[in-house]
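Take a look at the structure set out below.
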Amino acid sequence: MSKRPTRPDSARWAWSWRDYERRFGDRPDAPWLTVTVRLSEEDMARLAAMAAEAGTTSAKLAASIVREVLADDLAAHGEAAR
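Mapped onto the UniProt record's numbering, the consecutive letters of the sequence shown carry residue numbers 1 to 82.
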């Protein structure tokens, strides 16, 4: 699995959707917007477990979480979520 450091000498790694798909076997159907989220291997495993429990894919669950966070952020700043 390919992964690349986010910064030189960094312990954090960036994963692409291709890497994610190879590892977990799912991917968003047709993303409207590309969002980069940096997750550790442990967080990716937790996301996969939560998705399995919810009966959905990890990518769809992650997209749902991002939408909820964005809606909360927009509401907090007085803007209507689209």
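Using N, Cα and C, we set each Cβ at its ideal position, and we do this for glycine too.
Between residue i and residue j, which are expected to be in contact by the criterion C-beta below 8 Å, what is the C-beta distance as a whole number of angstroms?
{"i": "Ala62", "j": "Val37", "result": "7 Å"}
{"i": "Ala49", "j": "Thr57", "result": "Not confirmed; about 13 Å, so no contact."}
Mark residue i as exposed unless 16 or more other C-beta atoms lie within 10 angstroms of its C-beta, in which case mark it buried.
{"i": "Leu74", "result": "exposed"}
Between the options, which lies nearest to residue i when the distance is taken from Cα to Cα?
{"i": "Ser64", "options": "Leu39, Asp43, Glu41 and Leu47", "result": "Leu47"}
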